[in-house]
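Per my numbering, the sequence shown starts with residue 100, numbered consecutively.
We put the CB at the ideal spot given by N, CA and C, even for glycine.
Some notes on the structure that comes next.
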Amino acid sequence: MTHHLPLAAAAAQSTSNKGLTVGLFVALVAVTLVITLWARRSTRGTGGFYTGGGQFSALQNGIAISGDYLSAASFLGIAGIIALSGYDGFLYSIGFLVAWLVALLMVAELLRNTGRFTMADVLAARLRSGPMRTAAGVSTIVVSIFYLIAQMVGAATIVGQLLDVKGASAQIWTIIGVGALMIVYVVVGGMKGTTWVQIVKAVLLIAGAATMTLWVLAKYGFDISHLLGDAASASKKGDAFLQPGLKYGATDGWSKLDLVSLGVALVLGTAALPHVLVRFYTVPTGRDARKSVNWAIGIIGVFYLMTLVLGFGAAALVGTATIKEKDPSGNTAATLLAEHLGGGAGTTGGSLMLAFVAAVAFATILAVVAGLTLTSSSSFAHDLYASVIRKGRATERQELVTAKIAAVVIGAVAVALSIFARDLNVAFLVALAFAIAASANLPAILLTLFWKRFTTFGAKCGIYAGLVSSIGLVLLSPICWGGASSTVHAVKLTAAQAKDCGVKASDNQVGNATALISCTTTAPIPLQNPGVVSIPIGFAAAVLGSLVGGRRRDEDAEGRGFAELEVRALTGVGR
Numbered sequence: 100m101t102h103h104l105p106l107a108a109a110a111a112q113s114t115s116n117k118g119l120t121v122g123l124f125v126a127l128v129a130v131t132l133v134i135t136l137w138a139r140r141s142t143r144g145t146g147g148f149y150t151g152g153g154q155f156s157a158l159q160n161g162i163a164i165s166g167d168y169l170s171a172a173s174f175l176g177i178a179g180i181i182a183l184s185g186y187d188g189f190l191y192s193i194g195f196l197v198a199w200l201v202a203l204l205m206v207a208e209l210l211r212n213t214g215r216f217t218m219a220d221v222l223a224a225r226l227r228s229g230p231m232r233t234a235a236g237v238s239t240i241v242v243s244i245f246y247l248i249a250q251m252v253g254a255a256t257i258v259g260q261l262l263d264v265k266g267a268s269a270q271i272w273t274i275i276g277v278g279a280l281m282i283v284y285v286v287v288g289g290m291k292g293t294t295w296v297q298i299v300k301a302v303l304l305i306a307g308a309a310t311m312t313l314w315v316l317a318k319y320g321f322d323i324s325h326l327l328g329d330a331a332s333a334s335k336k337g338d339a340f341l342q343p344g345l346k347y348g349a350t351d352g353w354s355k356l357d358l359v360s361l362g363v364a365l366v367l368g369t370a371a372l373p374h375v376l377v378r379f380y381t382v383p384t385g386r387d388a389r390k391s392v393n394w395a396i397g398i399i400g401v402f403y404l405m406t407l408v409l410g411f412g413a414a415a416l417v418g419t420a421t422i423k424e425k426d427p428s429g430n431t432a433a434t435l436l437a438e439h440l441g442g443g444a445g446t447t448g449g450s451l452m453l454a455f456v457a458a459v460a461f462a463t464i465l466a467v468v469a470g471l472t473l474t475s476s477s478s479f480a481h482d483l484y485a486s487v488i489r490k491g492r493a494t495e496r497q498e499l500v501t502a503k504i505a506a507v508v509i510g511a512v513a514v515a516l517s518i519f520a521r522d523l524n525v526a527f528l529v530a531l532a533f534a535i536a537a538s539a540n541l542p543a544i545l546l547t548l549f550w551k552r553f554t555t556f557g558a559k560c561g562i563y564a565g566l567v568s569s570i571g572l573v574l575l576s577p578i579c580w581g582g583a584s585s586t587v588h589a590v591k592l593t594a595a596q597a598k599d600c601g602v603k604a605s606d607n608q609v610g611n612a613t614a615l616i617s618c619t620t621t622a623p624i625p626l627q628n629p630g631v632v633s634i635p636i637g638f639a640a641a642v643l644g645s646l647v648g649g650r651r652r653d654e655d656a657e658g659r660g661f662a663e664l665e666v667r668a669l670t671g672v673g674r
C-alpha cells in the first residue's frame with residue numbers, strides 16, 4: 100500500500116492543478132462574455148454594429164488595433180517558429196512590425212476620411228458601386244476565413260495542452276467551441292463589444308508577455324548573449340540556429356525566394372487586411388485614425404521585441420525536442436515556457452502560469468476571431484446584400500439581421516476548414532492570409548487613392564487576379580501536397596498519391612489504419628509563400644485592366660471622380 104500512496108498523491112495534485120487552470124480559464128472567458136452583454140445595451144443601428152458609432156478615442160482604438168493584430172500567430176506561432184528555427188523565425192516578427200509603416204503612411208487617415216463601414220466604401224466612392232462592392236465583399240470574406248482558420252488552429256492547440264487532451268476528436272470539438280463563442284460575441288455585442296474585448300485582451304497579453312520576458316531575462320542575468328548561446332546549444336543546431344538559413348535554406352534557391360515572398364507579404368499585407376482596415380472607422384476623425392496607428396505601432400513594436408526573448412527562451416529552457424514532441428509545428432512553445440517558469444509540469448506555480456498564459460492566448464483568439472467574423476459579415480450585409488442584391492432598398496433592420504446570419508454561416512465555414520488545417524503552424528497560416536490580402540486588396544486600395552487613370556474594370560481585374568493567383572499558388576504548393584506536414588492522415592488518397600506513397604488499392608479507404616503513413620508528394624510549385632508572385636500579378640492586372648478596357652463606363656473617365664475623392668481623402672469633407 101505504501102508504494103501506491105505517492106502515486107495517489109501525485110494524481111490528486113494533478114487533478115487539483117488541472118481544476119485550477121480550468122477555473123482561471125473559464126473565468127476569463129466569462130469576463131469577456133459579460134463585456135459583450137454590457138456592450139449590447141448601447142449598440143444601436145448599423146453604425147453601432149459595424150463601427151461602434153465611431154466614438155472610440157485614439158488611445159482606445161490603438162490598444163484595440165494591437166489587440167486585433169496580436170493574434171494567436173503572434174503569441175503562439177512566432178514564439179514557436181523562433182524556438183524551432185531561430186534567426187529565420189524572428190523574420191516573422193520584423194515583417195509584422197515594419198508592415199505598420201505602410202498602413203500609417205499610405206492608408207489609415209485617407210481610408211478613414213473616405214469610407215464609412217467597409218473597404219468597399221472607398222472603392223465605391225470613386226468607381227462603379229455594384230462591381231466594386233461585389234469584388235471587395237468576396238475578397239474580404241476569403242481573406243477573413245483564411246485568417247480565422249489560423250486562430251482556430253491555435254485555439255485547439257491551447258485547449259488541448261490546458262486540459263491535457265489529445266486526439267483529433269478533442270481538437271475538432273475545441274474548434275467548434277471557439278466558433279460558437281465568436282458567433283456569440285459578434286451577434287450579441289457588435290463592434291462595441293468586440294472592441295472592448297480586444298482592449299482587455301491586449302492589456303492582459305502585453306502584461307503576460309512582459310512578465311515572461313522579464314522572468315526569462317532574469318534567469319540569465321539580463322545577458323542576451325548568454326540566452327542566445329544556451330538556445331543555440333539546446334537546439335542541437337549550434338551557430339546555425341542564430342544565422343539565416345535554418346528554415347529558409349541559404350543554399351536552396353526556392354527557400355531564398357520563399358523568404359523574400361514571406362517578407363513582401365507581411366509588409367504589404369497589413370495595410371490590406373479587412374479587419375484592420377475597419378478599425379480606422381471606429382474613431383471620429385482621420386486624425387484620430389492616424390493617432391490610433393501611432394499608438395498601435397508602439398504597443399506592437401514592444402510586443403514583437405518580446406517575442407525574441409520568448410522564442411529563444413523556450414528553446415533554451417524547454418528545449419526544441421520537448422516542444423516538437425508536444426506539437427511538431429511549435430505552437431505550444433509559449434505555454435510550455437510559461438509552465439517551466441512557474442516550476443514545471445505538475446507544480447502549482449507551473450499550473451498557474453500555464454493557466455494564465457493559456458487563458459490570455461485563448462482570449463486573444465476569441466477577440467481576433469470576433470473581429471474577423473464581424474468584418475466579413477458586415478461586408479456581406481453592407482456591400483453584397485444591401486448595396487448589390489437589394490440595390491439600396493434594404494431597411495436598416497434587414498441589413499442587421501443579414502449581418503448576424505452571415506456571421507453564423509461564415510463562422511461555420513471557418514470551423515469546417517479549420518478542422519482540416521489543424522496540424523499547421525498558425526503563424527504560417529496567417530502569413531498566407533497576408534499574402535492573399537496584399538495580392539487582392541492592396542492594389543485596388545492604393546490605386547484608387549493615388550492613380551488618376553484607375554478604373555472599375557482595372558479594379559475588378561486586380562482583385563480577382565490577386566485572389567485567384569494567390570489561392571491557386573497555395574493549392575499547388577507543398578502546403579496542399581504534403582510538404583508542410585509529412586503525415587497523410589486516415590483519408591482516401593487519390594490514385595496518384597496512393598501510387599507515390601506505396602499504398603495498395605485495397606488498403607486505400609477512409610479510416611483504414613494502413614493509410615496513416617508518412618509520405619511527402621512532390622508539389623507542382625515548391626513555393627510555400629505565394630506573395631512574391633501573386634502580389635505583382637494583382638498590381639499588374641489592375642494597371643493593365645485600367646489601360647486597356649472599361650474606361651468609357653466609368654464616371655472618372657476624365658478624372659472628376661478622382662479629384663473629388665482626393666479632396667475627401669485629404670480633408671474628410673463630403674464624407
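What runs of the alpha helix (DSSP H), each 4 residues or longer, lie entirely inside the segment 494-532?
Given a length threshold of 4 residues, each whole run of the alpha helix (DSSP H) inside the segment 494-532 is given here in chain order: 495-519.
Coil, strand or helix - residue 246 by DSSP:
The count along the sequence shown starts at 1 and reaches residue 246 at position 147. Here residue 246 carries a helix assignment [DSSP, helix/strand/coil].
How would you label residue 551, buried or exposed, when you count the other beta carbons within 10 angstroms and need 16 or more for buried?
Locating residue 551 in the sequence shown gives position 452, counting from the first residue. Exposed, because fewer than 16 other Cβ atoms sit within 10 Å of the Cβ of residue 551.
Check each candidate in 203, 520, 137 and 305 and name the one with the smallest Cα separation from residue 255.
Stepping through the sequence shown from its first residue, residue 255 is reached at position 156. When each option's Cα is compared against that of residue 255, the closest is 520.
Roughly how many angstroms lie between the CA atoms of residue 123 and residue 490, to the nearest whole one?
On the sequence shown, position 24 is the one that residue 123 refers to. On the sequence shown, position 391 is the one that residue 490 refers to. C-alpha separation (whole angstroms): 48 Å.
Once you ignore the five residues that flank residue 567 on each side, which residues in its own chain have a CB closer than 8 Å to its CB?
Residue mapping note: residue 567 aligns to position 468 of the sequence shown, counting from 1. Non-local beta-carbon contacts of residue 567 in its own chain, meaning distances under 8 Å to residues more than five positions away in sequence, are absent.
How far does the alpha helix (DSSP H) with residue 281 in it extend, from its first residue to its last?
Numbered from its first residue, the sequence shown carries residue 281 at position 182. Segment 267-283, the alpha helix (DSSP H) holding residue 281.
Sub-9 Å separation of residue 213 and residue 221 beta-carbons:
For this step, residue 213 is matched to residue 114 along the sequence shown. For this step, residue 221 is matched to residue 122 along the sequence shown. It is a contact, given that the beta carbons lie within the stated cut-off.
What I want to know is whether the C-beta of residue 304 ends up closer than 8 Å to one or more non-hydrogen atoms of the ligand SAM.
Of ligands this structure carries none, so the ligand SAM is not represented either.
Give a yes or no on whether the C-beta atoms belonging to residue 186 and residue 176 are separated by under 9 Å.
Looking up residue 186 in the sequence shown gives position 87. Looking up residue 176 in the sequence shown gives position 77. Taking C-beta atoms as the reference points, residue 186 and residue 176 fail to come closer than 9 Å.
Below 9 Å between beta carbons: does that hold for residue 542 and residue 640?
Here residue 542 refers to the residue found at position 443 when the sequence shown is read from its first residue. Here residue 640 refers to the residue found at position 541 when the sequence shown is read from its first residue. With contacts defined by Cβ atoms closer than 9 Å, residue 542 and residue 640 form a contacting pair.
Could you tell me the distance, in whole angstroms, from the CA atom of residue 368 to the CA atom of residue 536?
Residue mapping note: residue 368 aligns to position 269 of the sequence shown, counting from 1. Residue mapping note: residue 536 aligns to position 437 of the sequence shown, counting from 1. So the two alpha carbons sit approximately 5 Å from each other.
Around the Cβ of residue 422, are there at least 16 other Cβ atoms within 10 angstroms (buried) or fewer (exposed)?
One-based indexing of the sequence shown puts residue 422 at position 323. The residue is buried, with at least 16 neighbouring Cβ atoms inside 10 Å.
Local Cβ density within 10 Å of residue 272, reported as buried at 16 or more and exposed below that
Within the sequence shown, the letter at position 173 stands for residue 272. In this structure residue 272 is exposed. Its beta-carbon is surrounded by fewer than 16 other beta-carbon atoms within 10 angstroms.
Cβ contact (3+ pairs, closer than 8 Å) linking the segment 388-401 and the segment 312-320:
Contact check between the segment 388-401 and the segment 312-320: fewer than three CB pairs, one atom from each, fall below 8 Å, which does not count as touching.
DSSP-derived helix/strand/coil call for residue 628:
Reading the sequence shown from its first residue, position 529 is the one you call residue 628. In this structure, residue 628 counts as coil in the three-state DSSP scheme.
Look at the alpha carbon of residue 463 and the alpha carbon of residue 252, and state the distance between them as a whole number of angstroms.
To locate residue 463, count along the sequence shown from 1; it is residue 364. To locate residue 252, count along the sequence shown from 1; it is residue 153. Roughly 13 Å between the two C-alpha positions.
Should residue 291 go down as buried or exposed, given a rule of 16 or more other Cβ atoms within 10 Å for buried?
Taking the sequence shown and counting its residues from 1, one reaches residue 291 at position 192. Buried is the call here.
Which whole runs of the alpha helix (DSSP H) in the segment 524-575 are 4 residues long or more, in chain order?
Taken in chain order, the whole alpha helix (DSSP H) runs of length 4 or more contained in the segment 524-575 are 525-549 and 555-574.
Kindly list the residues whose CB is nearer than 6 Å to the CB of residue 387, restricted to its own chain and excluding five residues on each side of it in sequence; keep chain order.
Numbered from its first residue, the sequence shown carries residue 387 at position 288. Excluding its 5 nearest sequence neighbours in each direction, residue 387 has C-beta neighbours in its own chain below 6 Å: 157, listed in chain order.
Over the uninterrupted alpha helix (DSSP H) stretch that includes residue 393, give me the two end residues.
In the sequence shown, the residue the question calls residue 393 occupies position 294. For residue 393, the enclosing alpha helix (DSSP H) starts and ends at 385-416.
Check the C-beta distance from residue 382 over to residue 155 and give it rounded, since I have them as a contact under 8 Å.
For the purposes of this step, residue 382 is taken as the residue at position 283 of the sequence shown. For the purposes of this step, residue 155 is taken as the residue at position 56 of the sequence shown. About 6 Å separates the two Cβ atoms, so the contact holds.
Chain-order list of residues whose beta-carbon lies under 6 Å from that of residue 111 (same chain, five-residue window excluded)
One-based indexing of the sequence shown puts residue 111 at position 12. Summary for residue 111: the model assigns pLDDT 48, below 50, so the residue's position carries little reliability; its value from the coordinates is reported in the next sentence. Here residue 111 has no same chain residue with a Cβ atom under 6 Å from its own Cβ, once five neighbours each way along the sequence are excluded.
Specify, as a first and last residue, the run of the alpha helix (DSSP H) that residue 326 falls within.
Numbered from its first residue, the sequence shown carries residue 326 at position 227. First-last of the alpha helix (DSSP H) with residue 326: 323-334.
Taking residue 275 as the reference, which of 481, 446 and 511 has the closest Cα?
Looking up residue 275 in the sequence shown gives position 176. Looking at 481, 446 and 511, the one whose alpha-carbon comes closest to that of residue 275 is 511.
Within a Cβ cutoff of 8 Å, which residues of the same chain sit near residue 130, ignoring the five residues on either side of it in sequence?
By 1-based counting over the sequence shown, the position of residue 130 is 31. Taken in chain order, the residues that qualify are 299.
Going by other Cβ atoms of all chains shown within 10 Å of its Cβ, with 16 needed for buried, is residue 335 buried or exposed?
Counting from one through the sequence shown, the residue named residue 335 turns up at place 236. It counts as exposed.
Who are the near neighbours of residue 196 in its chain, counting only those whose CB is closer than 7 Å to its CB and skipping five residues on each side?
Here residue 196 refers to the residue found at position 97 when the sequence shown is read from its first residue. Counting only Cβ-Cβ distances below 7 Å, and skipping sequence neighbours, we find 399, 400 and 403.
Report the three-state DSSP secondary structure of residue 121 (helix, strand or coil).
Here the question's residue 121 lines up with position 22 in the sequence shown. Helix, per DSSP.
Any idea if residue 498 is buried or exposed, counting beta-carbon neighbours within 10 angstroms, 16 or more meaning buried?
For the purposes of this step, residue 498 is identified with residue 399 of the sequence shown, where counting begins at 1. By the neighbour-count rule (16 or more Cβ atoms within 10 Å), residue 498 is buried.
Here's the rule: buried if 16 or more other CB atoms are within 10 angstroms of the residue's CB, otherwise exposed. What is residue 561?
Along the sequence shown, read from residue 1 onward, the residue named residue 561 stands at position 462. Only buried fits residue 561, as 16 or more other CB atoms lie within 10 angstroms of its CB.
Residues near residue 371 in its chain [Cβ-Cβ closer than 7 Å; skip 5 each side]
Counting from 1 along the sequence shown, the entry for residue 371 is found at position 272. Correct list, in chain order: 536, 537, 540, 541 and 544.
For the pair the segment 627-635 and the segment 352-359, tell me if three or more CB-CB distances fall below 8 Å.
Taking 8 Å as the limit for Cβ pairs, the verdict is that the segment 352-359 does touch the segment 627-635.
For residue 230, which residues of its own chain have a beta-carbon under 6 Å away from its beta-carbon, when the five flanking residues on both sides are left out?
On the sequence shown, residue 230 is found 131 positions in, with the first residue counted as 1. Closer than 6 Å at the Cβ level, and outside the excluded window around residue 230, lie 555 and 559.
The alpha helix (DSSP H) enclosing residue 160, as first and last residue numbers
Indexing the sequence shown from 1 puts residue 160 at position 61. Its alpha helix (DSSP H) spans residues 157-168.
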